[in-house]
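Novice:
Residue numbers (the working numbering): 24 to 558.
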């Protein structure tokens, strides 16, 4: 009797989602299949997605190590062996993805998956991040455009070269719908400006108008003029003078419409850059609490600095009173949260000669004694300003109320979660180690496809639990109807695929299906249940 055991764990959910949206066949159709290869491009991509979501702390292109203990027969198809998923094969597939076009490839796959899962695509958020890359990358490579360059590092590693990625996610489940790769020295403003141009071109002849949500980098004169041809919701940068004036006006009028215990809003209609807009001033209690902490640190730092300056100032002597007063005024002009109080100019008689001075030999020096105190009026003004932010939109009140505009903007966090997911070491440890820049671009696409599969599966299970009014236990055994897929991965861990061969007869079993695991897996679609032999 021969017994072979391979692990399945949570990878059956990942493989089931890949099958449900038909990703393998679609990728094979896009990139083409070579009959001489043991693994198709779609299967290679699927293997990297499962590796990325395997919580294994292995780089995505070292799949043979990852799959030595995995049940490839049911996760991909019978006949595929770990050695087939080697870095040479996977690297060539990554190059094919880059040659096909990063954005075109991902958008094609993502949109088909979203249509299959009926994901709402009317509103989405877009943002930009960068990945620091260690190693000696050569900028003189044979490419139309070099992607690995020095630039502003969001990873706080200005010493390293980097590559920039743009990501857009649907507000329906945080599902990625678009990804693009840019050179490392590209600014966020430039990326978002080009995104706006592509959106206008894409929807030029369409009756459906999308709504783009972004942070303050999206708001500038050129961009707003273009975005007005579709729909937008964006935060207004505090560097714009009109923003400061509107916030001052809202604070002075103090006529806030309460949304809940956290937010109050004021709305104004104005025309800026030739575009009619609704500006919604949001007064945020969470922002107020954050501002109190940061302001307290800033006030303390400024006080320590001004105390040092005043200490050194009082040791100086001036030839005239006006010079002494001028020196104090120069210090006070640079203060944001303090003012100079108890200000005194003390006269000191000095003699040009030794001994008892004659009247004609004496002169006066002036010394400054001053104390710094907190400027409560300025501090309160700063605190109120930091508690407010302004949202700009061209959506009409009949389309979205002020409260709904705020809710749309708050979903900008979905794209931030996507970036945190990509950079989480428990999912993609040391993923970006490739030297070949084409493969590097392709790998970023695969990583984002992993988010696509993850978010679609998470969206499905949450909708299913809500529909059936069911819950599952979280880490502390409390019921939740909105579990993360990571929580489910942890619960499912410990399931094995057992193959028993005796007298020429082979039988297969799934081992480790406890009651709670069966309960959870039966909530998923038929493709997942088939992998775990529950259907």
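The C-beta atom is built at its ideal place from N, Cα and C for all residues, glycine as well. What you are looking at is a predicted structure, and each value in this text was computed from that prediction instead of being measured.
Contact defined as beta carbons within less than 8 Å: I believe residue 77 pairs with residue 89. What is the distance between those atoms, to the nearest angstrom?
Specialist: About 6 Å; that satisfies the 8 Å criterion.
Novice: Quick one, are the C-beta atoms of residue 99 and residue 67 less than 7 Å apart?
Specialist: No.
Novice: Go ahead and pull the three-state DSSP assignment for residue 198.
Specialist: Looking at residue 198 - three-state DSSP - the assignment turns out to be coil, as it is neither helix nor strand.
Novice: Name the DSSP beta bridge partners of residue 213, please?
Specialist: Paired residue(s): none; residue 213 is not in a bridge.
Novice: What first and last residue would you give for the beta strand (DSSP E) that runs through residue 27?
Specialist: 25–30 is the extent of the beta strand (DSSP E) around residue 27.
Novice: Pull the bridge partners of residue 534 from the DSSP assignment, please.
Specialist: Answer is 519.
Novice: Roughly how many angstroms separate the alpha carbons of residue 371 and residue 337, rounded to a whole number?
Specialist: Residue 371 and residue 337: Cα-Cα distance of roughly 13 Å.
Novice: Which of the three DSSP states is assigned to residue 50 in this structure?
Specialist: The answer is helix: DSSP assigns residue 50 an H, G or I state.
Novice: Is there at least one non-hydrogen atom of the ligand NAP closer than 6 Å to the beta-carbon of residue 344?
Specialist: Among the components of this structure there are no ligands whatsoever, and the ligand NAP is therefore not found.
Novice: Could you pull out every residue in the same chain whose Cβ sits closer than 7 Å to the Cβ of residue 246, ignoring the five residues on either side in sequence?
Specialist: Hits under 7 Å: 215, 216 and 219.
Novice: What number of angstroms, rounded off, separates the C-alpha of residue 512 from the C-alpha of residue 552?
Specialist: About 15 Å.
Novice: Spell out the partners DSSP gives residue 292 in its beta bridges.
Specialist: Answer is 301, bridged to residue 292.
Novice: What do you get for residue 453, buried or exposed, if any count of 16 or more other CB atoms within 10 angstroms of its CB means buried?
Specialist: Per-residue confidence for residue 453 stands at a pLDDT of 45, beneath the threshold of 50, marking its modelled position as unreliable; no derived number is given.
Novice: Among 427, 28, 39 and 348, which has the Cα closest to the Cα of residue 393?
Specialist: When only C-alpha atoms are compared, the closest one is 348.
Novice: Decide if residue 334 is buried, meaning its Cβ has at least 16 other Cβ atoms within 10 Å, or exposed.
Specialist: Under this definition residue 334 is an exposed residue.
Novice: Give me the Cβ distance between residue 192 and residue 126, rounded to the nearest whole Å; I'm assuming they're in contact under 8 Å.
Specialist: At roughly 15 Å, the Cβ-Cβ gap does not stay under 8 Å, so residue 192 and residue 126 are not in contact.
Novice: Taking C-beta to C-beta, are residue 487 and residue 546 nearer than 7 Å?
Specialist: Yes, the Cβ-Cβ distance between residue 487 and residue 546 is below 7 Å.
Novice: Just the C-alpha distance for residue 206 and residue 366, rounded to the nearest angstrom, thanks.
Specialist: Distance between the alpha carbons of residue 206 and residue 366 is about 55 Å.
Novice: How is residue 371 classed by DSSP in three states: helix, strand or coil?
Specialist: If DSSP states are grouped into helix, strand and coil, residue 371 belongs with the strands.
Novice: Classify residue 72 as helix, strand or coil using the three-state DSSP reduction.
Specialist: Helix, per DSSP.
Novice: Any idea what DSSP makes of residue 15, helix, strand or coil?
Specialist: Residue 15 lies beyond the residue range present for the chain, which begins at 24 and ends at 558; the question has no answer from this structure.
Novice: So residue 497 and residue 510 are supposed to be a Cβ contact under 8 Å. How far apart are they, rounded?
Specialist: Indeed they touch by this definition, with Cβ atoms about 6 Å apart.
Novice: Can you give me the C-alpha to C-alpha distance between residue 466 and residue 209, rounded to a whole angstrom?
Specialist: Taking the straight line joining both Cα atoms gives about 19 Å.
Novice: Which residues bound the alpha helix (DSSP H) around residue 96?
Specialist: Taken as a continuous stretch (DSSP letters only), the alpha helix (DSSP H) holding residue 96 covers 95–98.
Novice: Any idea if residue 587 is buried or exposed, counting beta-carbon neighbours within 10 angstroms, 16 or more meaning buried?
Specialist: The displayed coordinates of the chain run from 24 to 558. Any statement about residue 587 would go beyond what the structure contains.
Novice: So residue 193 is in the beta strand (DSSP E); what residue range does that whole segment cover?
Specialist: Looking at the DSSP string, the run of the beta strand (DSSP E) that includes residue 193 is 184–193.
Novice: According to DSSP, residue 411 sits in a beta bridge with which residue or residues?
Specialist: Answer is 306.
Novice: Less than 7 Å separating the beta-carbons of residue 413 and residue 266?
Specialist: Yes, these two residues count as a Cβ contact at 7 Å.
Novice: In or out: residue 281 buried (at least 16 other Cβ within 10 Å) or exposed?
Specialist: So residue 281 counts as exposed.
Novice: For residue 394, which of helix, strand or coil comes out of DSSP?
Specialist: In the structure shown, residue 394 sits in a strand (DSSP, three-state: E or B).
Novice: Taking the beta carbon of residue 163 as the centre, do at least 16 other beta carbons fall within 10 Å, making it buried, or is it exposed?
Specialist: The pLDDT assigned to residue 163 is 48, lower than 50, so where the model puts this residue is not dependable; a value taken from the coordinates is nonetheless given after this. Classification for residue 163: exposed.
Novice: Given a threshold of 16 other Cβ atoms within 10 Å of its Cβ, counted over all protein chains shown, does residue 330 qualify as buried or as exposed?
Specialist: Burial call: exposed.
Novice: Output needed for residue 407: all residues of its chain with C-beta closer than 6 Å, excluding positions within five of it in sequence on either side, in chain order.
Specialist: Same-chain partners within the cutoff: 274.
Novice: Any contact between the region 467–482 and the region 38–54? By contact I mean 3 or more CB pairs, one from each, below 8 Å.
Specialist: Yes: the two stretches touch, three or more of their Cβ pairs being nearer than 8 Å.
Novice: Helix or strand or just coil, what does DSSP make of residue 233?
Specialist: The answer is coil: DSSP assigns residue 233 none of H, G, I, E or B.
Novice: Taking Cβ to Cβ, would you say residue 293 is nearer than 7 Å to residue 279?
Specialist: Their beta carbons are not under 7 Å apart, which means residue 293 does not touch residue 279 by this criterion.
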